[in-house]
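J.: Attaching a single structure in structure tokens format; questions to follow.
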Amino acid sequence: MHRLIDLKRVAVMMVASVLLSFATAAISDSTVVEGSKAAGMDKGGCVAPQMDMRRNHMEYLKHQRDEVVHKGDRSSKFALAECVNCHASKDKKGHPVPVNAKDQFCDSCHDYAAVNITCFQCHRKVPEEK
Amino acid sequence: MSNRKQQPDMKRREFLTKSVIAASTATIAPGVLLTTADANAATKAASSNTRWGMLIYTNKCADGCSSCVSACEKENGIDLVKKPEGHSDAMWDEQRPQWIRKVKLKDTQTGMVSNLPLMCQHCEEAPCVDVCPTGASFKRADGIVMVDRHICIGCRYCMMACPYKARSFIHADVAEQVVESPRGKGCVEACNLCANRLDAGDGNTACAEACSKEGHNAIVFGDLKDPNSAVSKVLKQSHSRQLREDLKLNTAVRYTNV
């Protein structure tokens, strides 16, 4: 009896892991620009683990902005410009799409969470061309 | 599986990281503190051992030249600000953002004309900082007077308090910005002595660089507290004045021949 349950569990886990790998592939395709710094790091890679960033990015950015503006300390690994560099996707013509535009990286979650972001009223929304 | 379970327990993770760090520092040597901060200039915070400032040779500033103005506009993305719809040309000329402007002075008695670039004078006793109701207008440790747009409410009290007309207000939404100079509707802004460049370790401003490129060398920029800096040396040798020195603001920008 126990063995049967174990087998069942293993099967469920295998199916789940296959589904999960599809899901993560879909997420990483839509959120990180290929060949960018964040894409090159570990799975879901970024300046911090994906789950951490999802939950705490606002805290990191808010802390960093005060360090930069008031103290002139730009050593933090968190920076809004870096978010934009890796997460602003490109349209078919290769032009970058604003990171806060409809269904783009910032908007997709913030729309779902009904949280209005004002960062991009002032901050640049697409990577700077060097 | 619930959503909650998918999230890592950050408190626990933080605790583990801290204990690992604590354990590793303790084993290296007691009393020796290891820091992970880089020692290069780009990571240094502004320090009060520095006071950024400049000397402007008014006699070297050429009539008709505005390379400092255009360099500033390019550096800080001011040229990306377009005239808001419905504003007349006259209103735009009056209200468009300007961090540095060319001013022509004429002595009515002698007829002597002098040209000078005028920007935020980065006062030690800055009136804009005094009057700001939110603390958005502030002075950095290295003497740069700046606006924190995150907390600026756009009341423009600082614009009225400034004796140099150095500050501008953004009246309408801005479509595009440069990374180093975010800008949006409803905030006051002014020259920040290219703080982004200084923080990156490039010890010069865009205007001073453009002026020497043009061959005029009318602007000397540097650390006023360092006796060996270029600006301290020239200040020691020339008669310089602060504009409106009667206000006792102790400006960081000084002028000769005015």
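Quick note, the sequences are listed as chains A and B, same order. Under our numbering, the letters of the first sequence match residues 1 to 130, in that order. Under our numbering, the letters of the second sequence match residues 131 to 388, in that order. We put the CB at the ideal spot given by N, CA and C, even for glycine.
What do you get for Pro-227 of chain B, buried or exposed, if any count of 16 or more other CB atoms within 10 angstroms of its CB means buried?
T.: Its Cβ being crowded by 16 or more others within 10 Å, Pro-227 of chain B is buried.
J.: I'd like the list of long-range same chain contacts for Asn-179 of chain B, defined as Cβ closer than 7 Å, with 5 residues on each side in sequence excluded.
T.: Counting only Cβ-Cβ distances below 7 Å, and skipping sequence neighbours, we find Lys-355.
J.: What are the uninterrupted segments assigned as beta strand (DSSP E) that are 3 or more residues long and contained completely in the segment 303-373 of chain B, given in chain order?
T.: List check, beta strand (DSSP E) in window: 349-353.
J.: If distances are taken between C-alpha atoms only, which option among B:Cys-324, B:Glu-375 and B:Val-364 comes closest to Glu-205 of chain B?
T.: The option with the nearest alpha carbon to Glu-205 of chain B is B:Cys-324.
J.: What's the C-alpha gap between Val-261 of chain B and Leu-377 of chain B?
T.: Rounded to the nearest angstrom, the two C-alpha atoms are 15 Å apart.
J.: Have a look at Met-393 of chain B and Pro-127 of chain A and give me their C-alpha separation to the nearest angstrom.
T.: Within the shown structure, residues of chain B are numbered from 131 to 388, placing residue 393 of chain B beyond reach of any answer.
J.: When you compare only the Cα positions, how much space is there between Cys-109 of chain A and Lys-92 of chain A?
T.: Rounded to the nearest angstrom, the two C-alpha atoms are 23 Å apart.
J.: Could you spell out the range, first to last residue, of the beta strand (DSSP E) harbouring Ser-197 of chain B?
T.: Counting along the chain, Ser-197 of chain B falls outside any beta strand (DSSP E), though it belongs to the alpha helix (DSSP H) covering 197-205.
J.: If you check the beta carbons only, do Asn-326 of chain B and Met-276 of chain B fall under 8 Å apart?
T.: Contact flag unset, no.
J.: Candidates B:Ala-382, B:Cys-191, B:Ser-200 and B:Ile-208: which alpha carbon is nearest Val-308 of chain B's?
T.: Nearest option by C-alpha distance: B:Ile-208.
J.: Is it buried or exposed, Val-115 of chain A, if we count other Cβ atoms within 10 angstroms and call 16 or more buried?
T.: Exposed, since its Cβ has fewer than 16 Cβ neighbours within 10 Å.
J.: Which first and last residues belong to the alpha helix (DSSP H) in which Lys-62 of chain A is found?
T.: Unbroken alpha helix (DSSP H) run through Lys-62 of chain A: 50-71.
J.: What residues are listed by DSSP as bridge partners for Arg-384 of chain B?
T.: According to DSSP, which records beta bridges pairwise, Arg-384 of chain B is partnered with B:Leu-185.
J.: The segment 55-73 of chain A: which residues have C-beta closer than 9 Å to a C-beta of chain B, in chain order?
T.: Those would be Arg-55, Asn-56, Lys-62, Arg-65, Asp-66, Glu-67, Val-68, Val-69, His-70, Lys-71, Gly-72 and Asp-73, in chain order.
J.: Measuring CB to CB, does Met-464 of chain B end up less than 8 Å from Arg-279 of chain B?
T.: Nothing about residue 464 of chain B can be read from this structure; chain B reaches only from 131 to 388.
J.: Output needed for Ala-302 of chain B: all residues of its chain with C-beta closer than 7 Å, excluding positions within five of it in sequence on either side, in chain order.
T.: Counting only Cβ-Cβ distances below 7 Å, and skipping sequence neighbours, we find Pro-214 and Lys-315.
J.: With a threshold of 8 Å between beta carbons, is His-369 of chain B in contact with chain A?
T.: No, because no Cβ of chain A sits closer than 8 Å to the Cβ of His-369 of chain B.
J.: Between Cys-86 of chain A and chain B, is the shortest Cβ-Cβ distance under 8 Å, so that the two count as touching?
T.: Not an interface residue.
J.: Could you list which residues in chain D have their beta carbon closer than 9 Å to that of His-252 of chain B, in chain order?
T.: Reference to chain D is not applicable here, since the protein chains of this structure are A and B.
J.: Can you check which of these residues, B:Gln-367, B:Thr-240, B:His-217 and B:Ala-271, is closest to Lys-71 of chain A by C-alpha distance?
T.: For Lys-71 of chain A, the nearest C-alpha among the options comes from B:Ala-271.
J.: Please confirm whether Ala-256 of chain B has its beta-carbon closer than 8 Å to some beta-carbon of chain A.
T.: So, not an interface residue.
J.: Taking Cβ positions only, does Val-308 of chain B come closer than 8 Å to chain A?
T.: Taking Cβ atoms only, chain A reaches closer than 8 Å to Val-308 of chain B, which makes this a yes.
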